[in-house]
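Asker: In terms of our numbering, the sequence shown is residues 159 to 470.
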Amino acid sequence: MSAFQAPAGRYAPSPSGDLHFGNLRTAVLAWLFARQTGRNFYLRVEDIDSERSSAESAQRQIEDLQMLGLDFDPPVMYQHDRGDAYADALSRLDTYECYCTRRDIREAASAPHAQPGMYPGTCRDLSEEQRAFRRSELHAEGRLPAIRLRAHVKEWTVRDFYQGEYTGPVDDVILKRGGRIDQAQAGDWAYNLAVVVDDGYQGVDQVVRGDDLLFSAPAQAYLADRLGLTVPVYIHVPLVVGPEGRRLAKRDGAVTLREMLAGKSVEDVVSQIAESLGYVGVSSVQELLEEFDPAQLSREPWLWTPQQPEGF
Ligand code: GLU
Numbered sequence: 159m160s161a162f163q164a165p166a167g168r169y170a171p172s173p174s175g176d177l178h179f180g181n182l183r184t185a186v187l188a189w190l191f192a193r194q195t196g197r198n199f200y201l202r203v204e205d206i207d208s209e210r211s212s213a214e215s216a217q218r219q220i221e222d223l224q225m226l227g228l229d230f231d232p233p234v235m236y237q238h239d240r241g242d243a244y245a246d247a248l249s250r251l252d253t254y255e256c257y258c259t260r261r262d263i264r265e266a267a268s269a270p271h272a273q274p275g276m277y278p279g280t281c282r283d284l285s286e287e288q289r290a291f292r293r294s295e296l297h298a299e300g301r302l303p304a305i306r307l308r309a310h311v312k313e314w315t316v317r318d319f320y321q322g323e324y325t326g327p328v329d330d331v332i333l334k335r336g337g338r339i340d341q342a343q344a345g346d347w348a349y350n351l352a353v354v355v356d357d358g359y360q361g362v363d364q365v366v367r368g369d370d371l372l373f374s375a376p377a378q379a380y381l382a383d384r385l386g387l388t389v390p391v392y393i394h395v396p397l398v399v400g401p402e403g404r405r406l407a408k409r410d411g412a413v414t415l416r417e418m419l420a421g422k423s424v425e426d427v428v429s430q431i432a433e434s435l436g437y438v439g440v441s442s443v444q445e446l447l448e449e450f451d452p453a454q455l456s457r458e459p460w461l462w463t464p465q466q467p468e469g470f
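Here it is in C-alpha cells:
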C-alpha cells in the first residue's frame with residue numbers, strides 16, 4: 159500500500175545546492191495550487207543523480223521551504239529509495255540498449271533543464287549480432303549500455319493550465335544511463351522515468367514546475383500512458399530570470415534564502431515572492447493562499463533585481 163494519496167501536487171527539487179529565489183517562488187506556487195484545490199502536497203527529493211546530490215543539501219532545502227511556511231504531507235520521498243520501482247517500470251516498457259558514448263548521451267538526454275537534441279535512433283534498430291558486438295566493445299572499456307524507450311509515436315499532446323493543449327516531440331528518451339561496470343550502482347536512473355513513476359506512485363495529478371520543463375512534458379505524459387498511470391494536469395509557471403535574461407542562477411548574487419536572510423527577515427523574503435506573483439504587502443504564505451488567483455499570474459518571466467529595497 160502506498161503511503162501517498164491522490165489527488166496530490168508536489169515540489170520535487172534536486173538536492174544539488176541551496177534553493178534560490180526562483181526555486182522558492184516555484185515551490186510556493188506548487189504549494190498554492192495544491193492547497194487551493196484541496197490536494198495533498200508532497201516533497202520529493204530528486205536525488206537520482208548520485209554525483210551531484212547530497213543528503214545535507216536535501217535537508218537544507220526542506221528547512222528552507224519550511225521556514226517560508228510551506229507544509230508538506232508526510233512522508234518526504236527520496237528517489238534513491240526507489241530503484242526497485244524504476245526497475246519494475248523499465249521491465250514493463252518497450253526498450254532497447256544504447257551504446258552511444260557518454261557525450262552523445264549527455265547531449266541527447268536527460269538533465270532536467272538541458273533541452274536535449276532529439277536522439278537520432280542510432281541504436282534503435284541494430285541486429286542482435288550488432289548489439290553483441292557493441293556490447294562487448296563497451297565492456298572492454300568498462301562501460302555498460304544505457305537503456306532507452308522505444309517510442310512508438312513522434313509527438314504527444316498534454317494539457318497545461320496556462321498553455322492549453324501543448325503538443326511536442328517525443329523521442330527515445332533515456333530511461334537508465336550507462337554506468338561503469340566496476341561501480342556497484344550500474345548507472346543512474348534517468349529523470350524522465352523517475353519523475354513519471356514517482357508522480358504515478360504518489361497520486362500526483364497536478365504538476366507545477368518551471369516552464370523550462372514544458373518541453374519534457376509530452377515525453378513524460380507518453381511514458382505515463384505506456385505505464386497505465388494517470389497523466390497529470392501540468393501547470394508550467396514562468397521562471398525568474400537574472401539580469402542577463404537567463405534563468406536565475408547562483409552567479410546572479412545573493413539569491414538563496416540563507417543569503418537573503420543575511421539582510422532581511424523571512425517575512426521580507428515572503429513579501430518579495432508575493433510581490434513577484436503580483437501581491438503587494440503580503441508577508442505570509444497563508445495570506446497568499448487566501449489571495450492568490452491563478453488566472454492573474456503574469457505569464458512573463460520575473461526579473462530578479464539584486465538590490466531589492468529593504469523590507470518591501
Ligand atoms: N527535479 C527537477 C528539478 O530540480 C524538477 C522535476 C519536475 O518538477 O518535474 O528541476
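No residue lacks a Cβ here, since even glycine has one placed at the ideal position from N, Cα and C. Here the structure is a predicted model, which is why all the values come from computation and not from measurement.
Mapping DSSP to helix, strand and coil, what is Asp176?
Answerer: It is coil, neither helix nor strand.
Asker: Can you tell me whether Arg240 is buried or exposed? The criterion is at least 16 other CB atoms within 10 Å of its CB, across all chains shown.
Answerer: So Arg240 counts as buried.
Asker: Would you mind reading off the limits of the beta strand (DSSP E) that contains Leu333?
Answerer: Segment 332 to 334, the beta strand (DSSP E) holding Leu333.
Asker: DSSP three-state label for His394, please.
Answerer: Three-state result, His394: strand.
Asker: Taking 6 Å as the line, does the beta carbon of Ala188 fall inside it for any heavy atom of the ligand GLU?
Answerer: No.
Asker: Flag this pair as touching only if the stretch 240 to 253 and the stretch 211 to 227 have three or more C-beta atom pairs under 8 Å; answer yes or no.
Answerer: Result no; under three Cβ-Cβ pairs closer than 8 Å.
Asker: Going by DSSP, name the residue or residues bridged to Gly196.
Answerer: Answer is none; Gly196 lacks a bridge partner.
Asker: With H, G and I counted as helix, E and B as strand and the rest as coil, what does DSSP make of Met276?
Answerer: Three-state result, Met276: coil.
Asker: Using a Cβ-based criterion (distance less than 6 Å to any ligand heavy atom), does Ala170 qualify as near the ligand GLU?
Answerer: For the ligand GLU, at least one heavy atom lies less than 6 Å from the Cβ of Ala170.
Asker: For Val365, which of Val186, Pro390, Leu446, Pro233 has the nearest alpha-carbon?
Answerer: Minimum Cα distance to Val365 is reached at Pro390.
Asker: State the Cα-Cα distance for the pair Leu228 and Ser174, rounded to the nearest angstrom.
Answerer: Going from the Cα of Leu228 to the Cα of Ser174 covers about 20 Å.
Asker: May I ask you to report which of helix, strand or coil DSSP gives Trp462?
Answerer: Coil.
Asker: Can you give me the C-alpha to C-alpha distance between Ile393 and Arg367, rounded to a whole angstrom?
Answerer: The alpha-carbon atoms of Ile393 and Arg367 are separated by roughly 7 Å.
Asker: Expressed to the nearest angstrom, what Euclidean distance is found between the alpha-carbon atoms of Cys281 and Arg293?
Answerer: Whole-angstrom Cα-Cα distance: 11 Å.
Asker: Tell me the rounded alpha-carbon separation between Ile305 and Gln444.
Answerer: Their Cα atoms are separated by approximately 44 Å.
Asker: Provide the residue span of the beta strand (DSSP E) that contains Tyr320, from first to last.
Answerer: From DSSP, Tyr320 is part of no beta strand (DSSP E); its letter is neither H nor E.
Asker: At a cut-off of 6 Å, would you count Val443 as near the ligand GLU, judging by its Cβ distance to the nearest heavy atom?
Answerer: Checking the Cβ of Val443 against the ligand GLU gives no.
Asker: How would you call Glu204, buried or exposed, if buried means at least 16 neighbouring beta carbons within 10 angstroms?
Answerer: With 16 or more Cβ atoms within 10 Å of its Cβ, Glu204 is classed as buried.
Asker: Check the C-beta distance from Phe199 over to Asp231 and give it rounded, since I have them as a contact under 8 Å.
Answerer: At roughly 6 Å, the Cβ-Cβ gap stays under 8 Å, so Phe199 and Asp231 are in contact.
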